[in-house]
Amino acid sequence: MRHRLRLNRAAHRSNARWSSGVSIEQVAHESGARSHQAAASTSVVIATRVAALDWRNIENDLNAHGAALARTLLSAEECEALLNLYPRRELFRSRVVMQRHGFGQGEYQYFAYPLPPIVARMRSALYPPLARVANEWQAALGTEERFPERHEDYIAHCNRHGQTRPTPLLLRYGEGDYNCLHQDIYGEQVFPLQATILLSEPEVDFTGGEFVVTEQRPRRQSRVEVVPLRRGEAVIFAVRQRPVRGARGYYRVNLRHGVSRVLTGERFTCGIIFHDAA
1 MRHRLRLNRA AHRSNARWSS GVSIEQVAHE SGARSHQAAA STSVVIATRV AALDWRNIEN
61 DLNAHGAALA RTLLSAEECE ALLNLYPRRE LFRSRVVMQR HGFGQGEYQY FAYPLPPIVA
121 RMRSALYPPL ARVANEWQAA LGTEERFPER HEDYIAHCNR HGQTRPTPLL LRYGEGDYNC
181 LHQDIYGEQV FPLQATILLS EPEVDFTGGE FVVTEQRPRR QSRVEVVPLR RGEAVIFAVR
241 QRPVRGARGY YRVNLRHGVS RVLTGERFTC GIIFHDAA
């Protein structure tokens, strides 16, 4: 079964374009007093945008579909600045060519610590509201583990369990590239939700390349959600599992995500994963 996720864009239309509160220079690493000033500015801008999201609808979509659309988090200028970091190899800890590993076709790079300020702020700002959803899911599934309110505390927890490598990444797809269905699991510690921000403009920079989520329920065929994204928007989705209420209480359903084949052009995204890697 294939569905397009129905999402409320009324709020998006009322504020279709954010003014660019973060300069291109602030996206990458800086030094000294300028670095502190840039980080503070970035923190306020991103925190304000995250707080303005319709979290009630996001939570409802996550509970119903396992995926939800977050209206524009980044301006067009910020998207351009972020994707332009891709050639700067000194900012990344590793590069993966997908076809070498059977992951699909295309490539991606994991950022090194310290993360670019805008990436770090998106990660820390998105985490608290998602931790509340994650803890509700844990309770529904009868799992004892609970996630702390602050992302820095969760990262410290990951570090204590030997997961110390950053997982935020930039992904690049050219014509004919795609990403096979997968789950982003890097060790025993797994935060149940993650986000992907589209940095390229659909129908302008590329065609095709749709974000898809599949859900496998026991004794049923897989269900597919297609999440249409605009530049600067984010899709928030389950990493591995989510709870679904059945006749006898909640049960787990498994989810995977991927990207359909890019037909023309070039597509960039930024992935925000909240657990670190072993």
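Quick note: the sequence shown uses UniProt numbering, first residue 1, plus one each step. Ideal Cβ positions, reconstructed from N, Cα and C, are used throughout, including at glycine. These numbers were taken from a predicted model, which means no experiment stands behind them.
Note down the Cα distance separating residue i from residue j, rounded to an integer number of angstroms.
i              : j             : result
aspartate 54   : leucine 69    : 10 angstroms
arginine 219   : alanine 247   : 15 angstroms
arginine 89    : leucine 171   : 13 angstroms
arginine 240   : arginine 252  : 10 angstroms
serine 41      : proline 117   : 10 angstroms
glutamate 203  : leucine 229   : 11 angstroms
tryptophan 137 : arginine 242  : 7 angstroms
residue 366    : glutamine 194 : The requested residue 366 does not occur in the structure, where the chain is confined to residues 1 to 278.
serine 43      : glutamate 107 : 29 angstroms
glutamate 266  : leucine 198   : 12 angstroms
residue 316    : arginine 100  : The question about residue 316 has no answer here: the residues shown for the chain are numbered 1 through 278.
Leaving out five residues on either side along the sequence, give the residues of the same chain with a beta carbon under 8 angstroms from the beta carbon of residue i.
i                 : result
phenylalanine 103 : Val96, Asn179, Cys180 and His182
serine 31         : The predicted position of serine 31 is uncertain, since its pLDDT is 44 and thus under 50; a value taken from the coordinates is nonetheless stated next. Taken in chain order, the list of residues that qualify is empty.
Among the options, which residue has its Cα nearest to the Cα of residue i?
i              : options                           : result
alanine 140    : Val244, Arg256 and His275         : Val244
isoleucine 273 : Leu82, Glu136 and Val190          : Val190
proline 87     : Leu169, Asn60 and Arg56           : Leu169
isoleucine 236 : Gln109, Thr196, Phe268 and Gln216 : Thr196
proline 192    : Thr143, Ser222, Gly176 and Ala120 : Thr143
According to DSSP, is residue i part of a helix, a strand, or is it coil?
i              : result
glutamate 225  : strand
threonine 264  : strand
threonine 207  : strand
threonine 42   : helix
isoleucine 236 : strand
Could you spell out the range, first to last residue, of the alpha helix (DSSP H) harbouring residue i?
i            : result
leucine 126  : 117-140
glutamine 99 : 98-101
Looking only at its chain, what residues have a beta carbon closer than 7 angstroms to the beta carbon of residue i, apart from the 5 residues adjacent to it on each side?
i             : result
threonine 164 : Asp276
alanine 112   : Leu91, Phe92, Arg93 and Pro166
alanine 278   : Gly162, Gln163, Tyr186 and Gly187
What residue range is occupied by the uninterrupted beta strand (DSSP E) comprising residue i?
i             : result
histidine 182 : 178-182
glutamate 107 : 107-111
asparagine 57 : Per DSSP, asparagine 57 belongs to no beta strand (DSSP E); it is in the alpha helix (DSSP H), 55-65.
What residues in its chain sit with their C-beta under 6 angstroms from that of residue i, if we drop five residues either side in the sequence?
i             : result
isoleucine 24 : Model confidence at isoleucine 24 stands at a pLDDT of 48, short of 50, so the residue's coordinates are unreliable; what they give is reported in the following sentence. Excluding positions up to five away in sequence, the list reads Ala81.
residue 291   : Residue coverage of the chain in this structure runs from 1 to 278, which leaves residue 291 outside it and unanswerable.
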